[in-house]
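In order, the protein sequence lines correspond to chains A and B.
The working numbering applies: residue 1 is where the first sequence begins, and numbers increase by one.
The working numbering applies: residue 1 is where the second sequence begins, and numbers increase by one.
Even for Gly, the Cβ is constructed at its ideal location relative to N, Cα and C.
Okay, so here's the structure we're looking at.
There are 2 protein chains.
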Amino acid sequence: MAVRRAPKPSLATLAPPRPARGSRTPRWRRRKAARPAEILDAALATFVEGGYAATRIEEIARRAGVSKGTMYLYFRNKEALFRAVVAHSMVPMVERGEEIARAHRGSSRDLLSSILLTWWDSLEASPASGLTKLMVAEARNFPGPTRLFVKEVFLRRRRLLTRVIRRGIRNGEFRRVRPELAVRLAIAPILLASIWKHSFQQRESQPLDLRALVRLHAETFLRGIAK
Amino acid sequence: MAVRRAPKPSLATLAPPRPARGSRTPRWRRRKAARPAEILDAALATFVEGGYAATRIEEIARRAGVSKGTMYLYFRNKEALFRAVVAHSMVPMVERGEEIARAHRGSSRDLLSSILLTWWDSLEASPASGLTKLMVAEARNFPGPTRLFVKEVFLRRRRLLTRVIRRGIRNGEFRRVRPELAVRLAIAPILLASIWKHSFQQRESQPLDLRALVRLHAETFLRGIAK
DNA sequence: ATTTAATTACCTACCAGTCAGTAAGTAGCC
DNA sequence: GGCTACTTACTGACTGGTAGGTAATTAAAT
Chain A
1 MAVRRAPKPS
11 LATLAPPRPA
21 RGSRTPRWRR
31 RKAARPAEIL
41 DAALATFVEG
51 GYAATRIEEI
61 ARRAGVSKGT
71 MYLYFRNKEA
81 LFRAVVAHSM
91 VPMVERGEEI
101 ARAHRGSSRD
111 LLSSILLTWW
121 DSLEASPASG
131 LTKLMVAEAR
141 NFPGPTRLFV
151 KEVFLRRRRL
161 LTRVIRRGIR
171 NGEFRRVRPE
181 LAVRLAIAPI
191 LLASIWKHSF
201 QQRESQPLDL
211 RALVRLHAET
221 FLRGIAK
Chain B
1 MAVRRAPKPS
11 LATLAPPRPA
21 RGSRTPRWRR
31 RKAARPAEIL
41 DAALATFVEG
51 GYAATRIEEI
61 ARRAGVSKGT
71 MYLYFRNKEA
81 LFRAVVAHSM
91 VPMVERGEEI
101 ARAHRGSSRD
111 LLSSILLTWW
121 DSLEASPASG
131 LTKLMVAEAR
141 NFPGPTRLFV
151 KEVFLRRRRL
161 LTRVIRRGIR
171 NGEFRRVRPE
181 LAVRLAIAPI
191 LLASIWKHSF
201 QQRESQPLDL
211 RALVRLHAET
221 FLRGIAK
């Protein structure tokens, strides 16, 4: 027997189950507008759980409450679907951070702290946080989407925080650290926590209070680079 | 066309290429003792690059300088090979950290700093560092190996560092932070750097000096939790 | 009645796993 | 030292099941 993939304890579906054949309600509905987003959401969740290669199109279809054939009405093939997932999930991740920065007034300390906490909260809330783990896992296999992700999410966020740190150094709040290094230290615990959440989280005995972790991080990091 | 996996720009093989059919040297040699380790090394590298499902047994065989059939002489099936890779790669990762701790005498500050730096150096040097990324990617698909890895590597390392932090708090070097949170902050940048190295590293414009990053981390973190 | 979103049945490339065969090594014999 | 008989590490063509992708068909909506 060919054991291609590890068996997965498939979780609950995202979409409601379709009515049975005999029922009065139609077996399916035509919902051309809603399908793409539903499929992309289901695809993100499934890809994040099992990785690209181990994910079956049919499983995504099932979760999106749609048949396999329908998948190919909206996406040319599996890889195109993957690319669309990356592009689609990226948007919410990018937008939040920037608008926080624009809105903020005050010290660099407070700004940094506020960005980190809000960033975590939006990661915590959104399934898009799974994208990070997904990209880490598939980076080598998909250079195109990876470049896009690195450029539009990672580098962009890093640039934002680098500016904050530079400002803090300039006006004497922070000591003279190399900003391109310090920014990675600021980011690391949050990024790792979100990767964690999508891989080992459930295995650990007690669900740690990750928000408290991020708060301690902001505090500790700021003390660490304070003048 | 079935696009099952992304095409991989297969890198140089680990084992020397076998001589061609006509040559004087034998087409293969009997090296029963050396095979398992060679296969495991090739398997680790290949799994780390592409992930479990996208990795073909034949590709691992090629890199190990062996035929596909031979793979099945040494490992029952693909999953057994994967499990063996995890178990085999774990040993060097665990050993180092503990012996460092045993050897060290001095302040908690110095001990912590020394553990972090030495840990990074061994991660940097060893291909076993790829195991972290691999486990992050495959955690959901392989509960067994994941449990083993979490228990024998993560929790063990965390416990070691937690002890150091506790000691530091007790003897007044560090302020009263929650050790189980602080330890994660200490670990995060290093873990993330090693994941980085195996996913995005090559894509980035300039290869950052990661050791300098770890040094700055140790310094910043210690300032951050200092009393 | 017509259009087309969605389904279902089907095709086929791919790869994990198998096994009959081959040749590298080895020991016994002269 | 050289020849032969034997063992077994190793090879690679082959198979079967799985899952990506397609085409014929159905039924929702207007």
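By alpha-carbon distance to residue 86 of chain A, the top candidate from A/133, A/188, A/199, A/113 is A/133. The C-beta separation of residue 173 of chain A from residue 162 of chain A comes to about 15 angstroms, leaving the pair out of contact by the 8 angstroms criterion. For residue 173 of chain A, none of the residues of chain B pass the 7 angstroms Cβ criterion, the least Cβ distance being about 14 angstroms. Taking CB atoms only, residue 195 of chain B has a neighbour in chain A less than 8 angstroms away. Secondary structure note for residue 217 of chain A: its alpha helix (DSSP H) is the uninterrupted segment 210-225.
For residue 120 of chain A, the uninterrupted alpha helix (DSSP H) segment begins and ends at 108-125.
Scanning chain A for C-beta atoms nearer than 8 angstroms to the C-beta of residue 220 of chain B yields 177, 182, 185, 221, 224, 225, reported in chain order. Ranked by Cα distance from residue 84 of chain A, the options A/41, A/56, A/63 are led by A/41. By the neighbour-count criterion, in which 16 or more other beta carbons inside 10 Å mark a residue as buried, residue 130 of chain B falls on the buried side.
The CB of residue 49 of chain B comes closer than 9 angstroms to the CB of 140, 141 in chain A, given here in chain order. Around the C-beta of residue 78 of chain B, 16 or more other C-beta atoms lie within 10 Å, and the residue is accordingly described as buried. Under DSSP, residue 174 of chain B shares a beta bridge with B/226.
In the three-state scheme derived from DSSP, where H, G and I count as helix and E and B as strand, residue 34 of chain B is classed as coil.
In the structure shown, residue 26 of chain A falls within a coil segment according to DSSP collapsed to helix, strand and coil.
Taking CB atoms only, residue 61 of chain B has no neighbour in chain A less than 8 angstroms away. Residue 157 of chain A is classed as buried because its beta carbon has at least 16 other beta carbons within 10 Å across all chains shown.
When DSSP states are grouped into helix, strand and coil, residue 54 of chain A belongs to the coil group. Cβ atoms of residue 63 of chain A and residue 45 of chain A come within 8 angstroms of each other, at about 7 angstroms.
Close partners of residue 199 of chain B in chain A (Cβ separation under 9 angstroms): 135, 136, 137, 138, 139, 140, 146.
The beta carbons of residue 175 of chain A and residue 226 of chain A sit closer together than 8 angstroms.
Pairing residue 171 of chain A with residue 147 of chain A, the inter-Cα distance amounts to about 34 angstroms.
Nearest C-alpha to residue 124 of chain A among A/105, A/57, A/37, A/201: A/201. Taking residue 185 of chain A as the centre and dropping the five residues before and after it, the same chain places the C-beta of 221 closer than 7 angstroms to its C-beta, in chain order. Ranking A/90, A/211, A/165 by CA distance to the CA of residue 151 of chain A puts A/90 first. Residue 137 of chain B carries a helical assignment under DSSP once its states are collapsed to helix, strand and coil. Residues of the region 73-96 of chain B with a C-beta atom less than 7 angstroms from some C-beta of chain A are 77, 78, 79, listed in chain order. Rounded to the nearest angstrom, the gap between the Cα atoms of residue 149 of chain A and residue 155 of chain A is 9 angstroms. The continuous alpha helix (DSSP H) containing residue 183 of chain B extends over residues 179-197.
Taking the C-beta atoms as reference points, residue 214 of chain B is found nearer than 8 angstroms to residue 117 of chain B. A direct Cα-Cα distance of roughly 15 angstroms separates residue 121 of chain B from residue 111 of chain B. Around the C-beta of residue 73 of chain B, fewer than 16 other C-beta atoms lie within 10 Å, and the residue is accordingly described as exposed. Between residue 51 of chain B and residue 139 of chain A, the C-beta spacing is not below 8 angstroms. In the same chain as residue 108 of chain B, and ignoring 5 residues on each side of it, the C-beta atoms closer than 6 angstroms to its own belong to 164, 167, 168, 173, in chain order. Classified as buried, residue 224 of chain B has 16 or more neighbouring CB atoms from the shown chains inside 10 Å of its CB.
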